[in-house]
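All remarks here apply to the structure that follows.
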Amino acid sequence: MISDLELEKIAVAVRQKTLEIIFKAGGGHTGGSLSSADILVTLYHSIMNIDPKNPLNPDRDRFILSKGHSVESLYAVLASRGFISDEALKTYGQFNSILAGHPTIKVPGIELNSGALGHGLSVGVGMAMAAKRSTQNFKVYVLMGDGEQGEGSVMEAAAAAGHYHLDNMVAIVDRNQLQISGPTEEVCKIDDLAAKYTACGWSVTECDGHSVSELIKIFSTIPFDKDKPSLIIAHTIKGKGVSFIENQANWHHKVPTEEQFKMAYDELDKKMEELNHAR
Numbered sequence: 406m407i408s409d410l411e412l413e414k415i416a417v418a419v420r421q422k423t424l425e426i427i428f429k430a431g432g433g434h435t436g437g438s439l440s441s442a443d444i445l446v447t448l449y450h451s452i453m454n455i456d457p458k459n460p461l462n463p464d465r466d467r468f469i470l471s472k473g474h475s476v477e478s479l480y481a482v483l484a485s486r487g488f489i490s491d492e493a494l495k496t497y498g499q500f501n502s503i504l505a506g507h508p509t510i511k512v513p514g515i516e517l518n519s520g521a522l523g524h525g526l527s528v529g530v531g532m533a534m535a536a537k538r539s540t541q542n543f544k545v546y547v548l549m550g551d552g553e554q555g556e557g558s559v560m561e562a563a564a565a566a567g568h569y570h571l572d573n574m575v576a577i578v579d580r581n582q583l584q585i586s587g588p589t590e591e592v593c594k595i596d597d598l599a600a601k602y603t604a605c606g607w608s609v610t611e612c613d614g615h616s617v618s619e620l621i622k623i624f625s626t627i628p629f630d631k632d633k634p635s636l637i638i639a640h641t642i643k644g645k646g647v648s649f650i651e652n653q654a655n656w657h658h659k660v661p662t663e664e665q666f667k668m669a670y671d672e673l674d675k676k677m678e679e680l681n682h683a684r
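First residue of the sequence shown: 406, per the working numbering; consecutive thereafter.
Structural data, given as structure tokens:
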């Protein structure tokens, strides 16, 4: 079993690699990729039943990145887990690369061409229903942004998941409170997410989305209630890990300059040094 400390180190490395591929490609979604890094690392390295050597195993757990614009951190995690090579990662954003600006099933370990916001949960519900009907034992994990909670299709899918008692379904909301147009509550007020999902028949919990120990503890207790889908509202910071990017809406789709990239990389290097001397 991988330790919390090792997961934290992987998350720092994933943030560095995320910044590197965005900088070199000259495009990408920086803020949301950094906010979801700890969630992705915890799922892929500690929680999900997956095998890089057999990525299409019918009994594998499924993961959908509904907030598909944050794919850069997912690519970095897939490389860290062995689904794709570091050499392939370097081709991100290049002509003929399989690593596009949104997830595509051409990439090993990716289950859905996603990124049209509000669609991931609906597809996840379909996968979870298929598992139930075929008596397969896999779980379906869907990572959503908080901005897409304003989409009507999300609440329709939430209602369906509760109605069909999909306790093999796990949704995570990356609650960083910012989207491309500004604070989520100013763009489209989503109010009490926990109450909304509870009303749809979900079991809901909240946590620090940057604490791998909290995330592991919560993921390990799924389903929270028998016959109910599980929702985790993960409170995060957009741009987490780089001080001048954190909580800045303008970093939703901003690319660092060479100077900013070096500053960010150095800041994460210092964090890695701290972890290397911890415990």
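We treat Cβ as the ideally placed atom computed from N, Cα and C, and that holds for glycine.
Could you round the C-beta distance between residue i and residue j to whole angstroms and report it? I think they count as a contact, below 8 Å.
i	j	result
V482	L445	5 Å
L470	L410	That belief does not hold up - the Cβ atoms of L470 and L410 are roughly 26 Å apart, past 8 Å.
G529	S558	Contact doesn't hold; Cβ gap of about 12 Å is too wide.
Y497	A430	5 Å
I637	T662	Contact doesn't hold; Cβ gap of about 35 Å is too wide.
A639	V578	6 Å
L412	T447	6 Å
S635	I627	5 Å
F488	P457	5 Å
K422	A493	Not quite, the Cβ-Cβ distance comes to about 12 Å (not below 8 Å), so this is no contact.
R465	I455	5 Å
Among the options, which residue has its Cα nearest to the Cα of residue i?
i	options	result
V575	K601, G557, A416 and W607	W607
K675	K414, S441 and I427	K414
A669	A533, D572 and K645	K645
A521	G552, N501 and V545	G552
S490	D613, R467, G514 and N462	G514
Y569	T641, Q499 and K633	K633
L526	K659, E561 and E492	E561
F666	M406, A416, N655 and F428	F428
E591	T540, A654 and K622	A654
V660	A418, L412 and I426	I426
A600	D613, A564, N573 and G614	A564
G531	R580, T589, R467 and V512	R467
R580	T603, L680, A493 and T641	T641
H658	K495, E664, S438 and E672	S438
S408	S618, H682, F500 and S539	S618
N542	L571, L517, E556 and S451	L571
K631	I452, N573 and I455	N573
P460	I623, K511, A416 and K495	K511
Y449	R486, V417 and A416	R486
V419	L673, H682 and E679	L673
S519	G550, Q499, T540 and N501	G550
Tell me whether residue i sits in a helix, a strand or coil according to DSSP, three-state version.
i	result
L424	helix
A576	strand
G432	coil
G567	helix
M677	helix
V647	coil
Q653	coil
V419	helix
M549	strand
Q541	coil
Q582	coil
A683	coil
I455	coil
I407	coil
K659	coil
I642	coil
S441	coil
E556	coil
Exercise. Any contact of the segment 472 to 486 with the segment 426 to 437, i.e. 3+ C-beta pairs under 8 Å?
Worked result: They touch, by the three-pair rule.
For this session: Mind listing, in chain order, the continuous beta strand (DSSP E) runs of no fewer than 3 residues lying wholly within the segment 462 to 536?
Result: Scanning the segment 462 to 536 for uninterrupted beta strand (DSSP E) segments of 3 residues or longer gives 467 to 470, listed from N- to C-terminal end.
For this session: Determine, using beta-carbon pairs with one atom in the segment 503 to 512 and one in the segment 569 to 588, whether at least three such pairs fall under 8 Å.
Result: With the rule of 3 Cβ pairs closer than 8 Å, the segment 503 to 512 does not count as touching the segment 569 to 588.
Exercise. Could you give the uninterrupted runs of the beta strand (DSSP E) lying entirely in the segment 588 to 640, keeping only those of 3 residues or more?
Worked result: When DSSP assignments are scanned along the segment 588 to 640, the uninterrupted stretches of beta strand (DSSP E) that are 3 or more residues long and fall wholly within it turn out to be 608 to 613 and 635 to 640.
Exercise. Would you say the segment 438 to 452 touches the segment 643 to 662, given that touching needs at least three Cβ pairs under 8 Å?
Worked result: Judged by Cβ distances under 8 Å, the segment 438 to 452 makes contact with the segment 643 to 662, as three or more pairs qualify.
Exercise. Can at least three beta-carbon pairs, one atom from the segment 530 to 548 and one from the segment 594 to 601, be found at a separation below 8 Å?
Worked result: Output reads no: the segment 594 to 601 does not touch the segment 530 to 548.
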